[in-house]
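Positions in the sequence shown are counted from 1; adding 109 to them yields my numbering.
The beta carbon of each residue, even a glycine, is placed where N, CA and C say it ideally should be.
Written below as structure tokens is the structure these notes are about.
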Amino acid sequence: MSFLKTYEQLSWEGTQESIATKQASDVERALARPAGALTLDDFQALISPAAVPYLENMAQLSHQRTVERFGYTQQFFSPVYLSNVCSNVCTYCGFSALNRIPRKILNDEEIAQELDAVKALGMDHVLFVTGEANRMVGVPYLKKAFAIARERFSSISMEVQPLDQADYETLIEAGLSAVLVYQETYHRASYAEVHLRGMKQNFDYRLETPDRLGRAGIKKIGLGALYGLDDWRADSFFVAAHLRYMEKTYWRSRYSLSFPRIRPHEGDFAPKTVLTDRDLIQIICAYRLLSPEVELSLSTRESEVFRNHAYRLGITTMSAGSKTNPGGYAAEKTSLKQFEISDERSPAELAAMLRQGGYEAVWKDWDATYDGRAVPAEATA
Ligand code: SF4
């Protein structure tokens, strides 16, 4: 059993039509439901054009439900890019295999340098990111990187190529606690248009990755779509359906959602659709109302102004001080970035802004003691 079966019962066009025909009464019904009682049909109402006049109500309710569950906190993380080598061709990404760029895979010493630099920012949690190159940056390489990270950090997440269940089990044993794997778009034909070569062309294998993670017993799974590849409303709905399926099927795991969007000025890839700031706020609030438990993450792709506004409206996790190139913190600062970040504030500056707003920054995700692991000296200092 996997989400693929559920996915095949859903219709993209039917979803679009259902969202487009929602009325004010549907939105009001969704807003009147108690926390945790919203259906996927309610979610469609909340992301529909009919909900736009209710955005302020949605934002207030989303804020309230987030504070009830998470308090006045924002969890911080910094991505550490281990490699920009990739065997896939994705038309929207600078790391794409056909791009003639200098390739870099960090060695042990460079990984340690990067991790020390991130630790010095105050972080006690790290997100490893790579291109998708299973032969060169596969499980043995990742295990070595985890061993270096475990000496320094309480928890380790990763955003790398989808793997088999046995590989995830091996990496969980090595210290992995969360995996982010975005479907990019749930529209099969649009997916095929932008993924031209490599393993990533296998839509179904990617779609079933969260199932393999759930079966492997991972603590947290990150889902999402890359906004700009197809209709943002339909993609948001499919993410919501995926989330609902996962929450019910693998209820021991926690979940997070991210909202990366391709902006028209990034590279020469022209997005099919544009997700405006207002649209993004609408999606964030709708997800919060659908799921009181899900973590909602806003990265440094977004501008300082937008993040200052949006963090109160449902967001629980923010990246800070991010570098999107391998070695970007210390080892090789000039290597090619996957994308330009917009919010360049340091974690300390972001924490100060949050403090002024009555929020507290949380610098770790999961404490090693919960796993029965020895606590790294730095984590208790
Ligand atoms: S999006 Fe990921 S898989 Fe595609 S080219 Fe970029 S790094 Fe490789």
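Residue range of the unbroken alpha helix (DSSP H) whose run includes residue i
i    : result
V403 : Per DSSP, V403 belongs to no alpha helix (DSSP H) and is neither H nor E.
H172 : 164–179
V246 : Premise fails: V246 is in no alpha helix (DSSP H) and is neither H nor E.
K228 : 217–229
V161 : It is not in any alpha helix (DSSP H) - V161 carries neither H nor E in the DSSP assignment.
M355 : 341–358
A133 : 133–141
L285 : Segment 285–289 is the beta strand (DSSP E) holding L285; no alpha helix (DSSP H) there.
S127 : 121–129
T200 : No alpha helix (DSSP H) holds T200; DSSP gives it neither H nor E.
T318 : 318–325
N-terminal and C-terminal residue of the beta strand (DSSP E) that residue i is part of
i    : result
E469 : 469–471
I265 : 264–268
R363 : 363–367
M493 : The structure shown does not extend to residue 493, since the chain is modelled only from 110 to 490, so the question has no answer here.
K381 : Neither: K381 is in no beta strand (DSSP E) and is coded neither H nor E.
K329 : 329–333
F237 : 234–238
R306 : 304–306
Y277 : First-last for Y277: 274–282, but that is the alpha helix (DSSP H), not the beta strand (DSSP E).
V414 : Note, V414: premise wrong, no beta strand (DSSP E); alpha helix (DSSP H) at 413–419.
P188 : 182–190
Given residue i as reference, the closest of the options once Cα atoms are compared
i    : options                : result
W360 : T382, P369, P319       : P319
L155 : G145, R138, E268, A144 : R138
L113 : L149, A129, Q292       : Q292
S400 : Y201, R174, L164, W472 : R174
S345 : R142, S111, D150, M110 : D150
E469 : I128, Q184, L366, D135 : Q184
E453 : G326, F415, Q465, K473 : F415
T239 : S205, G466, M232, L389 : S205
L140 : M110, A242, L398, I257 : L398
Y420 : L366, S431, S406       : S406
V198 : M308, L272, P456       : M308
A283 : R244, R306, L251       : L251
I450 : H418, R410, K228       : R410
K446 : P456, S431, A460       : S431
E302 : L230, Y354, N166, Y201 : Y201
Buried/exposed call for residue i, threshold 16 Cβ in 10 Å
i    : result
T130 : exposed
R370 : buried
S408 : buried
H374 : Low local confidence applies: a pLDDT of 43 at H374 is under 50, so the model's placement there is unreliable, and no value is given.
R315 : buried
T443 : exposed
Y181 : exposed
D340 : buried
E223 : buried
Q169 : exposed
Q132 : exposed
S134 : exposed
E126 : exposed
G203 : buried
D217 : exposed
M110 : exposed
T385 : exposed
R342 : buried
is_contact[residue i, chain D] using C-beta, thresh 8 Å
i    : result
A146 : Given the protein chain composition of this structure (a single chain), no chain D is represented.
Item checked: Given 8 Å, three or more beta-carbon pairs between the segment 376–386 and the segment 329–346 -> yes
Check: Looking at C-beta atoms only, is the number of pairs between the segment 200–212 and the segment 146–166 that lie closer than 8 Å three or more?
Finding: no
Note to self: Any residue with its Cβ nearer than 6 Å to a heavy atom of the ligand SF4 should be included. What is that list in chain order?
What the structure shows: This selection yields C195, N197, C199, C202, F204, S205, G240, E241, K309.
Item checked: Meets three-Cβ-pair contact criterion under 8 Å: the segment 119–130 and the segment 306–324 -> Cβ pair count under 8 Å is below three, so no.
Notebook entry, point to check: Touch check for the segment 386–405 and the segment 424–432: three-plus C-beta pairs under 8 Å?
Noted result: As far as the Cβ criterion goes, the segment 386–405 touches the segment 424–432, which means the pair count is three or higher.
Item checked: Cβ pair count under 8 Å reaching 3, the segment 185–202 against the segment 428–435 -> They touch, by the three-pair rule.
Checklist line | Given 8 Å, three or more beta-carbon pairs between the segment 258–270 and the segment 281–301 | finding: Contact holds: three or more Cβ-Cβ distances are below 8 Å.
Next item on the list: Determine contact between the segment 249–256 and the segment 291–309, defined as no fewer than three beta-carbon pairs at a distance below 8 Å.
Entry: no
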